[in-house]
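What follows is a single structure, written as structure tokens, with notes after it.
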Amino acid sequence: MPRAHLRVESPLGATGPALELPALPDRISVRELIRTHVREEVARYNLDRSLPFQGLVAPTAAERQLNTGDRRTERPTVDWEEQADLAERAFEKQRFVLIVGDRQVESLAESVDLTGEPEIVFVRLIPLAGG
């Protein structure tokens with residue numbers, strides 16, 4: 150079973166922490182790849198909530214409030230399914246692009262081959278002002 154190395158980048162080249170997902174199927178839909186990525190990043194955050202949440206998409210308003218609150222108090226967990234739904238909508242609205250290996254994928258229903266353990270990059274797009 151392949152393993153995947155995922156990272157999130159900005160168009161300016163800034164990268165977030167790399168995420169390794171072991172034991173993935175040989176083929177996976179873009180939708181399931183996004184949801185798996187989000188589930189893993191939220192699980193890691195929920196294990197150590199001492200740092201702000203830095204996920205693929207922005208947290209909901211309630212979660213944002215939790216992330217900016219007093220760091221000395223215990224904060225509730227982030228809901229991975231809600232974050233995954235937000236990430237799917239963000240992908241459909243082209244708020245980020247997904248590059249698997251050497252090509253950009255364009256549909257949540259598209260299936261990608263992970264047998265060669267391709268590099269997987271989520272590139273967050275920056276909206277233009279006034280556009």
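Under our numbering, the first residue of the sequence shown carries the number 150, and numbering increases by one thereafter.
Idealized CB from N, CA, C, for every residue including glycine.
Q.
Since residue 178 and residue 258 should fall inside the 8 Å C-beta cutoff, what is the C-beta to C-beta distance between them, to a whole number of angstroms?
A. Here residue 178 is taken as the residue at index 29 of the sequence shown, counted from 1. Here residue 258 is taken as the residue at index 109 of the sequence shown, counted from 1. The pair is a contact, with the Cβ atoms about 6 Å apart (cut-off 8 Å).
Q: Put residue 176 into one of helix, strand or coil per three-state DSSP.
A: The sequence position of residue 176 within the sequence shown is 27, counting from 1. Residue state, collapsed to three classes: strand.
Q) Which residue from 191, 206, 242, 261 puts its Cα closest to that of residue 225? A) Within the sequence shown, numbered from 1, the residue matching residue 225 stands at position 76. The shortest C-alpha separation from residue 225 is found at 191.
Q | Alpha-carbon spacing of residue 264 relative to residue 176, whole angstroms | A | Position 115 of the sequence shown, counted from the first residue, corresponds to residue 264. Position 27 of the sequence shown, counted from the first residue, corresponds to residue 176. Residue 264 and residue 176: Cα-Cα distance of roughly 8 Å.
Q. So is residue 172 buried or exposed if we call it buried at 16+ other beta carbons inside 10 Å?
A. Counting from one through the sequence shown, the residue named residue 172 turns up at place 23. So residue 172 counts as exposed.
Q) Is there at least one non-hydrogen atom of the ligand NAD closer than 6 Å to the beta-carbon of residue 152? A) With respect to small molecules bound, the structure shown includes none, and the ligand NAD cannot be examined in it.
**Q.** Three-state secondary structure assigned by DSSP to residue 265
**A.** Translated into positions along the sequence shown, residue 265 becomes position 116. Reduced to three states, the DSSP call for residue 265 is coil.
**Q.** Backbone secondary structure at residue 192 - three-state DSSP
**A.** Numbered from 1 along the sequence shown, position 43 holds the residue referred to as residue 192. Correct three-state label for residue 192: helix.
Q: Could you check what DSSP says for residue 163 in three-state terms: helix, strand or coil?
A: As a working mapping, residue 163 is identified with position 14 in the sequence shown. Looking at residue 163 - three-state DSSP - the assignment turns out to be coil, as it is neither helix nor strand.
Q. How is residue 168 classed by DSSP in three states: helix, strand or coil?
A. As a position in the sequence shown, residue 168 is number 19, starting the count at 1. Of the three classes helix, strand and coil, the one that applies to residue 168 here is strand, per DSSP.
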